[in-house]
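Data first, discussion second: the structure below is written as structure tokens.
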Amino acid sequence: MEEVLRTVNPVLRGWAAYFRYGASKRTFSYLGWYAWWRLLLWIRYKHPRLTWKQLSRRYYGADRITEVGVVLYNPAKMRVQRYTFRRAQISTPYNIDEVDPDGARFRRTNHDDVAFVGQVSEYLA
């Protein structure tokens with residue numbers, strides 16, 4: 001059981017660390033629930049003659065599956081961080097003057113014009 005926990009824990013921790021920048025709290029909770037039940041069913045398969053009470057005394061301590069000090073990692077404990085889009089703060093390897101000498105990239109379009117926006121709003125009304 002200790003070997004299984006040592007194999008599963010890094011996978012769960014790595015998966016949770018990779019996806020923590022999305023809206024994934026509910027998924028983390030489900031993943032923890034799913035891993036817990038799969039391990040519980042695996043323990044039941046490995047010890048078919050033991051009762052649930054005996055299994056809980058042996059493997060289930062303090063509301064988590066544990067064996068010789070190794071505890072099943074719960075991905076729901078991972079703190080979710082929202083990704084902040086940095087837009088212009090992302091640097092470019094190119095010199096803007098060489099890539100866009102006329103400044104066409106920053107030229108105003110018709111959509112920026114107040115009169116154009118007024119025409120569209122009149123048309124839609």
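Under the UniProt record's numbering, residues 1 to 125 are what the sequence shown spells out, in order.
Glycine residues also receive a C-beta, built at the ideal position from the N, C-alpha and C atoms.
Everything numeric in this text was worked out from a predicted model, so none of it was measured.
Let me make sure I understand the geometry here. Which of the options has the alpha-carbon closest to that of residue i?
{"i": "residue 4", "options": "24, 66, 22 and 29", "result": "66"}
{"i": "residue 21", "options": "42, 85, 124 and 122", "result": "85"}
{"i": "residue 30", "options": "41, 43, 16 and 42", "result": "16"}
{"i": "residue 6", "options": "43, 24, 68 and 23", "result": "68"}
{"i": "residue 25", "options": "48, 11 and 81", "result": "81"}
{"i": "residue 64", "options": "122, 35 and 49", "result": "35"}
So, residue i versus residue j, is the Cβ gap smaller than 7 Å?
{"i": "residue 153", "j": "residue 71", "result": "The first residue shown for the chain is 1 and the last is 125, placing residue 153 beyond what the model contains."}
{"i": "residue 9", "j": "residue 73", "result": "yes"}
{"i": "residue 76", "j": "residue 28", "result": "yes"}
Just to confirm the assignment, what range does the beta strand (DSSP E) spanning residue i have?
{"i": "residue 66", "result": "64–67"}
On the DSSP bridge list, what partners appear for residue i?
{"i": "residue 71", "result": "66"}
Inset, instruction - Please go through the UniProt domain "Group II intron maturase-specific" (1–60) and give each complete alpha helix (DSSP H) segment of 4 or more residues, from N-terminal end onward. - result: 2–19, 25–46 and 52–59
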